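Here the working numbering is used: the first residue of the sequence shown is 526, the next is one more, and so on.
Read through the structure below, which is laid out as structure tokens, and then see the notes.
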Amino acid sequence: MSALSIIFLGTSGAVPSAGRYLSCTVCVREGELLFFDCGEGAQFQVLKHKMGLNRKTKIFVTHLHADHVLGIPGLLHTMKLLGRTKDIQIFGPEGIKLLIEAFSEVTHLDPPFKIEINEIKNPEENPVIYETEEYHVEVAPLDHGETPCFAYALVEKPKPGKFNVERAKELGIPEGRLWGMLQKGLSVKVSGKTINSKDVLGPPKPSRKLVFCGDTRPVKSLAEFAKDATTLVHEATYKDEHKNKAREYFHSTASEAATIAKEARVKILLLTHFSSRYQDEDLDQLLSEAKEVFEKTILAQDDMVIRIPLDDGKKFKIEYL
Ligand SMILES: [Zn+2]
Ligand SMILES: [Zn+2]
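Written out as structure tokens, the structure is:
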């Protein structure tokens, strides 16, 4: 199982504030960068922290509000100027194609790499939008008023357990191709007898599920979508005192986000997208309101890195870039 971490490059909602860029959360998995939203300022952060402009990269856009997408043009332009050659994939709601293509055409971007844009249609019927041998990404709709908005889940596929060589020899399975098949979880036939992979494999290795939400009112169906997730990144634009504003502008308070996390029984809740009106003491209060509902809550900060443990028994590590 590979190393996995979440890096917050921007944690402010709507407008940037002192010390906080706009929404941009990056999941780093096996050297691959998976961006969830790309607010203005993302390229400064990527350059400042030397995250690499020619790495395998995907950008998942939750919705088309400016504070979540305006970082993409700058990032693509800088990637071109600094020699990116690898293709890049972008996923998002309908309209993302127009946005990227219009920008590319008007500014003559002409990058030496391919930009593959995937618009998400009918997420209820086709929730899985991307799949590799090791993980898949699925989407669920959120409630951000008139603006279509998604939550994304990166779900690792369970890996087969340790291969028991002695047991395989005892069962008379010849080394080679058949061992390989059993290691992949397949059944094999030896002298007319079927041997299942579970006869020679230990318990499956744990897999992880990371959920990244866009702007939203608290959505009941999200608790199901994020069920037992390792981490849930949820917006917390407001504290309880401004819950009417949260309702009016289709956002969540920290305690509303915590209620979803509690219901979903996630391991940890990571709050982000804070109103720029808030000072440190407001954010302390916002955190305590969430913790009253769900103790395992962390308030994201720009440059914060959450290292996700390989299995349940181990602790999440918080570091800073
Ligand atoms: Zn926003
Ligand atoms: Zn929004």
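Here a beta-carbon is modelled for each residue, glycine too, at the ideal position from N, C-alpha and C.
In this text, all values refer to a predicted model and were calculated from it rather than measured experimentally.
Distance cut-off 8 Å: residue i Cβ against heavy atoms of ligand 1
i, result
"A567", "no"
"E760", "yes"
"A676", "no"
"A539", "yes"
"D807", "no"
"H471", "In the structure displayed, the chain extends from 526 to 846; residue 471 sits before or after that span and is not available."
"S548", "yes"
"D668", "no"
"H798", "yes"
"D827", "no"
"D635", "no"
"H602", "no"
"D836", "no"
"H661", "no"
"D724", "no"
"D753", "no"
"D592", "yes"
Burial state of residue i, where buried means 16 or more other Cβ atoms lie within 10 Å
i, result
"L824", "buried"
"D592", "buried"
"R733", "buried"
"S777", "buried"
"T582", "buried"
"Q570", "buried"
"R702", "exposed"
"D836", "exposed"
"Q568", "buried"
"R609", "buried"
"L606", "exposed"
"V791", "buried"
"L578", "buried"
"D562", "buried"
"V631", "exposed"
Spatial neighbours of residue i in its chain, beta-carbon cut-off 8 Å, leaving aside the 5 residues before and after
i, result
"S801", "S537, G538, A539, V540, P541, S542 and R545"
"E641", "D612, I613, Q614 and I615"
"C674", "T587, H588, P618, P666, L667, D668, G739, D740 and T741"
"P699", "V715"
"T755", "R733, K734, L735, V791, K792, I793 and I833"
"T719", "S712 and V713"
"D807", "K764"
Other residues of its chain near residue i: CB distance less than 7 Å, five sequence neighbours each side excluded
i, result
"Q826", "F533 and T536"
"K842", "R832"
"V818", "S780, A783, T784 and K787"
"M706", "V713"
"V744", "L667 and D668"
"P523", "Nothing about residue 523 can be reported from this structure: the residues present for the chain run from 526 to 846 only."
Per DSSP, the bridge partner or partners of residue i
i, result
"S542", "R545"
"E644", "G617"
"A676", "A665 and C738"
"I831", "I531 and I843"
"R554", "L529 and E557"
"K684", "K730"
"K718", "V715"
"H759", "L796"
"S537", "L547 and F799"
"K583", "L559 and Q614"
Nonlocal neighbours in the same chain, by C-beta distance under 6 Å from residue i, ignoring five residues either side
i, result
"H798", "G538, S548, E760 and T762"
"D828", "Y845 and L846"
"V653", "H661 and E663"
"K816", "T822"
"Y803", "none"
"V553", "S530"
"L558", "V551, R580 and T582"
"L634", "none"
"I625", "I642"
beta-carbon residue i near ligand 4 non-hydrogen atom, thresh 8 Å
i, result
"H574", "Here the bound small molecules are ligand 1 and ligand 2; ligand 4 is not part of this structure."
- Sequence-ordered residues whose beta carbon comes within less than 5 Å of a heavy atom of ligand 2: H590 and D740
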